[in-house]
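Protein chains in written order, with the numbering used here: chain U, 1 to 358; chain C, 1001 to 1409.
A short worksheet on the structure shown next.
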């Protein structure tokens, strides 16, 4: 076998559940025992699985949506095997496309798919259903090295040791996830069901990216290579590099940093979207031009983005037009990347005005 | 010798700005020589007052000498070696790392950090107390004139090159004690740290150091320590966590029936606002009381909540908590800014720094020249100094000379 991936999980639950969580070690063991090899993917026997993985990726990348359905009309064992193989094919395709923005968009939407399964499992399980909670605990403990406990005094609250919680990058990335904005009691951070699932998605997103980046493959099967080339070409046609500004226009460093993040496929925090949106509106960009830029974000949803941009421009909602945040506000949001050209300004738009005045 | 910025200059001149009073002193400077002798005698006869934990060979030591020189990255195999060094050099200040290292003598990045207790520093200066404005002194760096009370310009020569001399009073100490209690309550309630793991020390001048000795927190990174500090200070707290959010008119409105675990900051804030939360839910009773409060306070909920957060927050220095390579004043050693000891507070309520942090011995009388009229209370006795010659016990003279408000004759 020429493909190596680390799975170090043992979770004991029903076969059907495993199909929804193909990244778990137990699920992976289903294909190991049937001696599946990557070279097998060149055989026609696997074509239907390759097609399914390709369709899923195309939906993610080009339409930003997930309509993937697990086919439950087979035996439990086959369902799990197929889901694991589809997951591996997906990772292989993304790895061979080798574009950072594609990897991140895939990771985000794939982790959102697993998040949906988890939410559905948690919602359908009754209060005393220990099996589904066990899945949750085991995923966190084995995959993310975090021990989750259920708070016994109040229903549907989970708790994680403070130092374990701070091992999760999200605790430092987003304000609402900072320790100061969490409920702490007796050495634990308390999270409700929705928050625990959100934490799961964020961790899984990072884990998928990590898995793709660390995949070590000697030879990618020809079938996979051909598909990945075609997806890559289509992506590059849809996403030419972000236009360089005209020569007499200065791009403030904070805005340039956002452009760079978008190019890398990073998902922007809310304050960065607000800054970019207001800045583009100020720069008299059309709605379509703005959407062109925002559609590169991994979680792009045209309807929501369109509404939000119109709202910022004062064309929807309260009719209040939002102005570009001040440098002080930008600094507070950790979005400032000040350089020498920023000297003496209090709002990034002053740089644009300054240059236009010359 | 290196980064003095991580020295714990607790009361003034943080980040290495503190310099010894005797840095540019002549070799025969009377104050310097006398203090050096007093300190040496203290360490010679009372070295057992110095508090040292286990594995002292894994800690970094640092010293400030009376000539202003700083020696860092020192390590000692055992207590005897350390005592010999202290008695030989009679340092003005002794520091040691809370961190343990594989190689404490190496430069910071080569030391091999093992772990560190969690440390919090509460400094009287950061409390901006009203009383301090009137009883602190100001020394003019140009004409050496000393004024009472904080003033913008020297009363003698109009210079603005002024240095504040902290003269904490019992009210300052009471406020500091209140802050320490507030911090320890949050550590216990929210972080689950037991009282037995919390050690409180008077810094020797105008503050307290709180050491948390708990294996659960010993190995945590500077980034996590910074998150702890941010939490304790309530910095960046979002009002939405309370279950209150802005409605379309911009008015902060409770989310009716919202269930949130009522502990941590949320419980503390609601308790202090006298807003009751039953079963973790925002119920009718809560909303009624909230609306009444809004009417009474002109709808200014944001300000009310912010004020409550400020009052409830721990007034710690976040840089001290997050700096895992900082060296701290050694407990039991003399603070050269006051002549008092960094002392362990077994019982915070009964601890009186002006009695319990005075160094042992030093009862023989000496003569000093006081620069001003001032009353000093130490070891339960009050001393009224008049400008000019005064005869006072050695421990009082050490306080006066260390503060720079009198000279040894």
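Each residue gets a CB set at the ideal place from its N, CA and C atoms; glycine is no exception.
- Residue 161(U) has 188(U) as its beta-bridge partners, per DSSP.
- For residue 266(U), there are no neighbours in chain C by C-beta distance under 7 angstroms, as the nearest C-beta there is about 20 angstroms away.
- When DSSP reads this structure, residue 1383(C) sits in a beta bridge with 1376(C).
- Contact annotation: the segment 1092-1099 of chain C touches the segment 1048-1068 of chain C, with at least three C-beta pairs closer than 8 angstroms.
- Residue-level contact by beta carbon holds for residue 1190(C) and chain U, with a gap shorter than 9 angstroms.
- Shown here for residue 1090(C): same chain residues with a beta carbon closer than 6 angstroms to its own, the five before and five after excluded, namely 1036, 1039 and 1040 in chain order.
- By the Cβ test, the segment 1353-1360 of chain C is in contact with the segment 1325-1345 of chain C, since at least three Cβ pairs between them sit closer than 8 angstroms.
- Residue burial is scored here from C-beta neighbours: residue 1322(C) has at least 16 other C-beta atoms within 10 angstroms and is therefore classed as buried.
- Within the same chain, and ignoring the five residues on either side of residue 1363(C) in sequence, the residues whose Cβ sits closer than 8 angstroms to its Cβ are 1393, 1394 and 1395.
- Chain-order list of chain C residues neighbouring residue 187(U): 1190, 1191, 1192, 1193 and 1216, by C-beta distance under 9 angstroms.
- Looking at the backbone, the Cα of residue 137(U) and that of residue 1175(C) are separated by about 45 angstroms.
- Three or more Cβ pairs drawn from the segment 1305-1319 of chain C and the segment 1232-1251 of chain C lie within less than 8 angstroms of each other, which places the two stretches in contact.
- Interface residue (Cβ-Cβ distance to chain U less than 9 angstroms): residue 1235(C) is classified as such.
- Ranked by Cα distance from residue 1290(C), the first of 1276(C), 1180(C), 1280(C) and 1112(C) is 1276(C).
- For residue 1245(C), the secondary structure class from DSSP, reduced to helix, strand or coil, is strand.
- Listed along the chain, the chain C residues whose CB falls inside 7 angstroms of the CB of residue 180(U) are 1230, 1231, 1234, 1235, 1236 and 1237.
- For the pair residue 197(U) and residue 118(U), the Cα-to-Cα distance works out to about 7 angstroms.
- Linking residue 1226(C) to residue 1319(C) through their CA atoms gives a straight-line distance of about 8 angstroms.
- One thing to note: residue 168(U) has its Cβ within 9 angstroms of the Cβ of residue 199(U).
- In chain order, 101 and 296 place their CB closer than 8 angstroms to the CB of residue 239(U), counting only its own chain and leaving out the 5 sequence neighbours on each side.
- Annotation: residue 320(U) to residue 1263(C) spans about 37 angstroms, alpha carbon to alpha carbon.
- Within chain C, 1238 have C-beta atoms less than 7 angstroms from the C-beta of residue 176(U), given in sequence order.
- Inter-residue distance for residue 160(U) and residue 122(U) is about 18 angstroms (C-alpha atoms, whole angstroms).
- Unbroken alpha helix (DSSP H) runs of no fewer than 4 residues, entirely contained in the segment 226-304 of chain U, are found at 253-263, 270-282 and 287-294, following chain order.
- For residue 279(U), the CB contacts under 6 angstroms within the same chain, skipping 5 residues up- and downstream, are 255 and 324 in chain order.
- Annotation: the continuous beta strand (DSSP E) that includes residue 1113(C) extends over 1113-1116.
- Under the three-state reduction of DSSP output, residue 1252(C) falls in the strand class.
- Interface with chain U (9 angstroms Cβ-Cβ cutoff): residue 1263(C) is included.
- Short of 8 angstroms from the beta carbon of residue 1253(C), and not among the five residues preceding or following it, lie these beta carbons of its own chain, in chain order: 1244, 1245, 1246 and 1247.
- In the three-state scheme derived from DSSP, where H, G and I count as helix and E and B as strand, residue 1091(C) is classed as coil.
- Cβ contact annotation for residue 1266(C) (same chain, cutoff 7 angstroms, sequence separation greater than five): 1241, 1242 and 1260, in chain order.
- In terms of beta-carbon proximity, residue 1220(C) lines the interface with chain U, with at least one pair separated by less than 9 angstroms.
- Rounded to whole angstroms, the separation of the alpha carbons of residue 95(U) and residue 226(U) is 13 angstroms.
- Residue 1100(C): member of the beta strand (DSSP E) spanning 1099-1101, first to last residue.
- In this structure, residue 1330(C) keeps its C-beta atom at 9 angstroms or more from the C-beta atom of residue 1054(C).
- Within the model, the alpha-carbon separation for residue 1042(C) versus residue 1148(C) is close to 31 angstroms.
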